[in-house]
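Trainee:
2 protein chains.
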Amino acid sequence: MRAAARPGGKVTIAEVAARAGVSKGSVSLAMNDKPGVSAATREKVLKAARELGWLPNQAARSLSSAATQVSNIGLVIARPARMLGLEPFYMEFVSGIESVLVERSYSLLLRLVHDVDEEIGVLDGWGRSKQISGSIMVDFTVDDPRVAPIAALGLPVIAVGHPDLTGGLPSVWTDDGAAVTEAVRYLAALGHRRLARVGGPATLGHSMIRSEAFAKAVADLNLEPGRILPTDFSGEQGARATRALLASAQRPTAILYDNDIMAVAGLSVATEMGVSVPAELSLLAWDDSQLCRLTHPPLSAMSHDVFAFGAEVTRRLMDLIDHGDAEVGAVPTPVLVPRGTTARAH
Amino acid sequence: MRAAARPGGKVTIAEVAARAGVSKGSVSLAMNDKPGVSAATREKVLKAARELGWLPNQAARSLSSAATQVSNIGLVIARPARMLGLEPFYMEFVSGIESVLVERSYSLLLRLVHDVDEEIGVLDGWGRSKQISGSIMVDFTVDDPRVAPIAALGLPVIAVGHPDLTGGLPSVWTDDGAAVTEAVRYLAALGHRRLARVGGPATLGHSMIRSEAFAKAVADLNLEPGRILPTDFSGEQGARATRALLASAQRPTAILYDNDIMAVAGLSVATEMGVSVPAELSLLAWDDSQLCRLTHPPLSAMSHDVFAFGAEVTRRLMDLIDHGDAEVGAVPTPVLVPRGTTARAH
Numbered sequence: 197m198r199a200a201a202r203p204g205g206k207v208t209i210a211e212v213a214a215r216a217g218v219s220k221g222s223v224s225l226a227m228n229d230k231p232g233v234s235a236a237t238r239e240k241v242l243k244a245a246r247e248l249g250w251l252p253n254q255a256a257r258s259l260s261s262a263a264t265q266v267s268n269i270g271l272v273i274a275r276p277a278r279m280l281g282l283e284p285f286y287m288e289f290v291s292g293i294e295s296v297l298v299e300r301s302y303s304l305l306l307r308l309v310h311d312v313d314e315e316i317g318v319l320d321g322w323g324r325s326k327q328i329s330g331s332i333m334v335d336f337t338v339d340d341p342r343v344a345p346i347a348a349l350g351l352p353v354i355a356v357g358h359p360d361l362t363g364g365l366p367s368v369w370t371d372d373g374a375a376v377t378e379a380v381r382y383l384a385a386l387g388h389r390r391l392a393r394v395g396g397p398a399t400l401g402h403s404m405i406r407s408e409a410f411a412k413a414v415a416d417l418n419l420e421p422g423r424i425l426p427t428d429f430s431g432e433q434g435a436r437a438t439r440a441l442l443a444s445a446q447r448p449t450a451i452l453y454d455n456d457i458m459a460v461a462g463l464s465v466a467t468e469m470g471v472s473v474p475a476e477l478s479l480l481a482w483d484d485s486q487l488c489r490l491t492h493p494p495l496s497a498m499s500h501d502v503f504a505f506g507a508e509v510t511r512r513l514m515d516l517i518d519h520g521d522a523e524v525g526a527v528p529t530p531v532l533v534p535r536g537t538t539a540r541a542h
Numbered sequence: 197m198r199a200a201a202r203p204g205g206k207v208t209i210a211e212v213a214a215r216a217g218v219s220k221g222s223v224s225l226a227m228n229d230k231p232g233v234s235a236a237t238r239e240k241v242l243k244a245a246r247e248l249g250w251l252p253n254q255a256a257r258s259l260s261s262a263a264t265q266v267s268n269i270g271l272v273i274a275r276p277a278r279m280l281g282l283e284p285f286y287m288e289f290v291s292g293i294e295s296v297l298v299e300r301s302y303s304l305l306l307r308l309v310h311d312v313d314e315e316i317g318v319l320d321g322w323g324r325s326k327q328i329s330g331s332i333m334v335d336f337t338v339d340d341p342r343v344a345p346i347a348a349l350g351l352p353v354i355a356v357g358h359p360d361l362t363g364g365l366p367s368v369w370t371d372d373g374a375a376v377t378e379a380v381r382y383l384a385a386l387g388h389r390r391l392a393r394v395g396g397p398a399t400l401g402h403s404m405i406r407s408e409a410f411a412k413a414v415a416d417l418n419l420e421p422g423r424i425l426p427t428d429f430s431g432e433q434g435a436r437a438t439r440a441l442l443a444s445a446q447r448p449t450a451i452l453y454d455n456d457i458m459a460v461a462g463l464s465v466a467t468e469m470g471v472s473v474p475a476e477l478s479l480l481a482w483d484d485s486q487l488c489r490l491t492h493p494p495l496s497a498m499s500h501d502v503f504a505f506g507a508e509v510t511r512r513l514m515d516l517i518d519h520g521d522a523e524v525g526a527v528p529t530p531v532l533v534p535r536g537t538t539a540r541a542h
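Order-wise, the sequence lines are chains A and B.
Okay, so the first sequence: first residue is 197 according to the working numbering, each after it adds one.
Okay, so the second sequence: first residue is 197 according to the working numbering, each after it adds one.
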């Protein structure tokens with residue numbers, strides 16, 4: 197079965213103007229996204245054109261379209277496609293980006309790649325062919341190989357990551373170290389002496405920063421050395437890590453997770469293994485997406501407004517694109533929101 | 197604080213060639229994405245260039261870049277930005293799209309808009325300025341105003357929706373009516389006589405198809421008339437609808453949800469209200485994202501591989517772009533996966 201495009205009827209610009217109750221000039225301006233017509237007029241014209249099934253001759257317009265201002269920003273992610281759908285962080289981050297773009301009629305050019313070399317090539321190509329006005333970069337590692345070539349591109353870029361990782365690129369970050377320290381101090385204040393952390397991939401820069409802060413906070417407070425289990429951020433690996441911790445001889449009394457989906461999985465594993473939360477085990481999620489309020493009991497979390505973070509990063513990129521510079525620096529540190537999964541240790 | 201782009205050092209093409217162990221011509225071909233060099237050579241050149249912080253003179257290349265083949269497909273969504281991050285369906289759907297695009301080095305141009313008129317304008321603009329090779333369209337309504345103008349554009353498009361909604365556009369869909377009917381029959385076979393459905397927005401075409409199928413299946417089986425509560429698909433509204441149903445005099449013994457996040461919220465509400473699942477209340481989710489396996493008890497669901505669906509839609513769009521036609525029609529109907537939240541009615 198095959199479906200062909202249906203060509204529109206022979207409708208003239210005069211008919212559209214008449215139906216919209218505006219001049220032919222206004223129709224032309226409105227249909228070509230030119231200044232000079234109000235939003236209300238543009239709306240009327242689009243409605244009339246739509247009702248008549250009319251669109252201006254495409255061949256005639258394709259010549260002028262080369263000069264059309266491209267209003268896209270880029271985001272390249274070097275993670276497997278399936279991970280994207282499992283990780284509430286990226287979805288909320290992208291939603292936050294879109295919340296700023298929608299008001300400026302910008303689009304997001306989203307690309308998944310296999311590795312950082314491919315990412316560099318994509319950004320280079322996008323920049324050269326003027327497909328994007330700037331880009332947001334994520335997932336920095338120690339000695340990240342993208343820093344030097346991207347700086348050389350001269351493309352407006354906001355790097356999401358700690359300046360220790362992002363070299364000279366203008367960067368925006370959350371203070372993960374301070375947040376982890378706060379979480380450990382809170383659990384210690386509740387009397388917990390044996391903590392564990394279910395973390396992200398060991399190679400990611402922000403995972404390393406969190407791991408170091410966790411080890412230091414545990415040592416500073418003279419707690420037992422805390423186990424850290426790296427994962428790929430999936431619920432499955434979060435569940436597996438939780439099972440390993442709860443099955444071990446030296447079972448922790450509190451577990452700190454690096455994202456929400458793993459904390460949700462951890463809560464299910466505790467229920468499945470008959471470990472009462474929070475009576476016998478405290479759990480602390482990270483990001484505080486909607487999920488944390490939907491479990492029973494609701495998850496205590498390091499609350500980080502990921503949607504607002506995505507929006508803030510995008511506003512700064514827009515400043516960089518519009519004015520050539522942007523405010524860089526840390527956004528507010530995630531704050532602890534105690535709910536039903538943390539309690540005094542027995 | 198301001199960060200400026202760091203210009204690359206003065207590195208020549210000869211140095212890159214020497215470091216990569218290839219000819220200067222190969223460097224040029226590789227860096228300009230031209231045929232004539234193997235993937236391995238291209239990889240070596242990119243690595244050498246990256247290590248030297250070298251990128252070809254951009255001014256010289258910008259002239260030739262106009263001829264660069266644009267490899268993007270479009271996706272316009274007319275929903276509020278925040279909804280995008282809360283709805284596992286779209287994240288898994290986009291992941292599925294990306295899983296096909298990544299193998300073809302295509303990108304996804306993602307745009308949120310306020311309404312369908314803006315969507316038509318965006319697709320028209322993208323098509324004219326050759327920013328996309330084709331587009332995927334979603335969220336069809338009855339008498340959808342996009343059908344005629346989009347058909348007139350002549351842009352390769354795959355419409356995600358039942359042909360009753362998508363007019364003559366080539367469309368791919370899931371048979372929602374058959375799936376709802378299966379769900380109702382299963383619950384009736386378990387002895388449930390009073391069913392309710394927590395649905396999506398009443399204006400969406402696929403919500404209407406599901407509502408009609410639900411009412412018909414309930415009538416055909418002589419069950420009590422089933423209440424249908426429309427929502428915006430959010431967990432909050434799913435929780436509110438569940439509270440309203442469980443607080444009513446004629447409390448249903450089984451609830452069918454239109455997405456997973458609302459079913460997760462419904463399970464929490466039942467626990468909070470002391471209604472035992474599945475002893476007193478059966479719950480059935482829709483989509484069967486990872487969430488369903490993370491709750492306790494795990495959610496029974498109409499299982500729909502959304503990731504595979506996104507991939508399939510994209511493969512068909514690629515066929516349409518490459519060969520001018522594509523297989524259209526229904527993809528496999530969601531199947532019922534009973535887990536811990538459905539049981540015999542008492």
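Every residue, glycine too, gets a C-beta built ideally from N, C-alpha and C.
Values in this document were obtained by computation on a predicted structure and should not be read as measured data.
1. Identify, in the order they occur along the chain, each residue of the same chain with its Cβ nearer than 6 Å to the Cβ of residue 341 (chain B), setting aside the five sequence neighbours on each side.
2. The alpha helix (DSSP H) that contains residue 510 (chain B), what's its start and end?
3. Within 10 angstroms of its Cβ, does residue 219 (chain B) collect 16 or more other Cβ (buried), or is it exposed?
4. Does the CB of residue 306 (chain B) have a neighbour CB from chain A at under 8 Å?
5. I need the straight-line Cα distance from residue 526 (chain B) to residue 354 (chain B), nearest angstrom please.
6. Under a three-way DSSP split, which group does residue 423 (chain B) fall into?
7. Which value, in whole angstroms, describes the spacing of the CA atoms of residue 163 (chain A) and residue 210 (chain A)?
8. Looking only at DSSP bridge pairs, what is residue 307 (chain A) linked to?
9. Could you compute how far the alpha carbon of residue 515 (chain A) sits from the alpha carbon of residue 288 (chain A)?
10. To which residues does DSSP link residue 362 (chain A) through a beta bridge?
11. For residue 492 (chain B), decide whether its Cβ has a neighbour in chain A, counting only Cβ atoms nearer than 8 Å.
12. Can you list, in chain order, the residues of its chain with a C-beta nearer than 8 Å to that of residue 440 (chain B)? Leave out the 5 residues immediately preceding and following it.
13. Let's test the definition: count the other Cβ atoms within 10 Å of the Cβ of residue 446 (chain A) and tell me whether it reaches 16, buried, or not, exposed.
14. Run through the segment 324-387 of chain A for me and flag every whole alpha helix (DSSP H) of 4 or more residues, listed as ranges in chain order.
15. Exposed or buried, which one is residue 241 (chain A) when buried takes at least 16 other CB atoms within 10 Å?
16. Chain A partners of residue 243 (chain B), CB-CB under 8 Å?
17. Looking at residue 332 (chain B): is its Cβ nearer than 8 Å to the Cβ of residue 513 (chain B)?
18. Taking C-alpha atoms, which residue in A:539, A:427, A:460 lies nearest to residue 492 (chain B)?
19. By Cβ distance, which residues of its chain are closer than 6 Å to residue 223 (chain A), with the 5 residues on each side in sequence left out?
20. List, in chain order, every chain A residue whose beta-carbon is nearer than 8 Å to that of residue 280 (chain B).
21. Could you give the DSSP three-state label for residue 478 (chain A): helix, strand or coil?
22. Taking C-beta to C-beta, are residue 292 (chain B) and residue 337 (chain B) nearer than 8 Å?
23. Quick check: is the beta carbon of residue 460 (chain B) nearer than 8 Å to any beta carbon in chain A?
24. Using a Cβ cut-off of 7 Å, pull out every chain B residue sitting near residue 431 (chain A), in sequence order please.
25. With three or more beta-carbon pairs closer than 8 Å as the criterion, would you say the segment 466-476 of chain A touches the segment 402-412 of chain A?
26. On a CA-only basis, which of A:472, A:438, A:518, A:318 is nearest residue 537 (chain A)? Give me that one, please.
27. Can you pull the chain A residues whose beta carbon is under 7 Å from the beta carbon of residue 464 (chain B), in chain order?
28. Specify, as a first and last residue, the run of the beta strand (DSSP E) that residue 527 (chain B) falls within.
29. Cβ of residue 455 (chain B) less than 8 Å from any chain A Cβ?
30. Taking the continuous alpha helix (DSSP H) assigned at residue 463 (chain A), which residues delimit it?
31. Just to confirm the assignment, what range does the alpha helix (DSSP H) spanning residue 442 (chain B) have?
32. Rank A:365, A:349, A:413, A:345 by C-alpha distance to the C-alpha of residue 376 (chain A) and give the top, closest one.
33. Quick one: which chain A residues come within Cβ less than 7 Å of residue 317 (chain B)?
34. Does the Cβ of residue 259 (chain B) have 16 or more other Cβ atoms within 10 Å, making it buried, or fewer, making it exposed?
35. Thinking C-beta only, is residue 381 (chain A) closer than 8 Å to residue 351 (chain A)?
36. Measure the alpha-carbon distance for residue 365 (chain A) versus residue 534 (chain A) and round it to whole angstroms.
Mentor: Considering the structure as presented:
1. Around residue 341 (chain B): 312.
2. Counting along the chain, the alpha helix (DSSP H) containing residue 510 (chain B) begins and ends at 502-519.
3. Here residue 219 (chain B) is exposed. Its C-beta has fewer than 16 other C-beta atoms within 10 Å.
4. In terms of beta-carbon proximity, residue 306 (chain B) lines the interface with chain A, with at least one pair separated by less than 8 Å.
5. Cα to Cα, the separation comes out at about 12 Å.
6. Reduced to three states, the DSSP call for residue 423 (chain B) is strand.
7. What the structure shows of chain A is the stretch from 197 to 542, and residue 163 (chain A) is not part of that stretch, so it cannot be assessed.
8. Bridge partners of residue 307 (chain A): A:272.
9. The C-alpha of residue 288 (chain A) is placed about 22 Å away from the C-alpha of residue 515 (chain A).
10. According to DSSP, which records beta bridges pairwise, residue 362 (chain A) is partnered with nothing at all.
11. With 8 Å as the cut-off, residue 492 (chain B) counts as an interface residue toward chain A.
12. Taken in chain order, the residues that qualify are 425.
13. By the beta-carbon neighbour count (other beta carbons within 10 angstroms, threshold 16), residue 446 (chain A) is exposed.
14. Considered as a whole, the segment 324-387 of chain A harbours 343-349, 359-362, 372-385 as its complete alpha helix (DSSP H) runs of no fewer than 4 residues, in chain order.
15. Counting Cβ neighbours within 10 Å, residue 241 (chain A) comes out buried, since at least 16 surround it.
16. Those are 313, listed as they occur along chain A.
17. Yes; because the gap between Cβ atoms is below 8 Å, this pair is in contact.
18. Check the Cα spacing between residue 492 (chain B) and each of A:539, A:427, A:460: the tightest is with A:460.
19. Contacts found: 209, 212, 213, 241.
20. What residue 280 (chain B) touches in chain A: 287, 290, 291, 294.
21. Three-state DSSP puts residue 478 (chain A) in a strand.
22. No; because the gap between Cβ atoms is not below 8 Å, this pair is not in contact.
23. Cβ-Cβ to chain A under 8 Å: yes for residue 460 (chain B).
24. Ordered by position in chain B, the residues that pass the 7 Å Cβ test against residue 431 (chain A) are 486, 490.
25. Taking 8 Å as the limit for Cβ pairs, the verdict is that the segment 402-412 of chain A does not touch the segment 466-476 of chain A.
26. Among A:472, A:438, A:518, A:318, the Cα nearest to that of residue 537 (chain A) belongs to A:472.
27. Within chain A, the residues near residue 464 (chain B) are 490, 491, 492.
28. Bounds of the beta strand (DSSP E) holding residue 527 (chain B) are 525-527.
29. For residue 455 (chain B), the nearest beta carbon of chain A is not closer than 8 Å to its own beta carbon.
30. Counting along the chain, the alpha helix (DSSP H) containing residue 463 (chain A) begins and ends at 456-468.
31. Counting along the chain, the alpha helix (DSSP H) containing residue 442 (chain B) begins and ends at 431-443.
32. Nearest of A:365, A:349, A:413, A:345 to residue 376 (chain A), Cα basis: A:413.
33. Within chain A, the C-beta atoms nearer than 7 Å to that of residue 317 (chain B) come from 242, in chain order.
34. With a pLDDT of only 35 at residue 259 (chain B), under 50, the local geometry of the prediction cannot be trusted, and the value read off the model is given with reservation. Residue 259 (chain B) sits exposed, since fewer than 16 C-beta atoms from the chains shown fall within 10 Å of its C-beta.
35. Against a cut-off of 8 Å, the Cβ pair of residue 381 (chain A) and residue 351 (chain A) comes out as no contact.
36. Taken atom to atom, the span from the alpha-carbon of residue 365 (chain A) to that of residue 534 (chain A) is near 35 Å.
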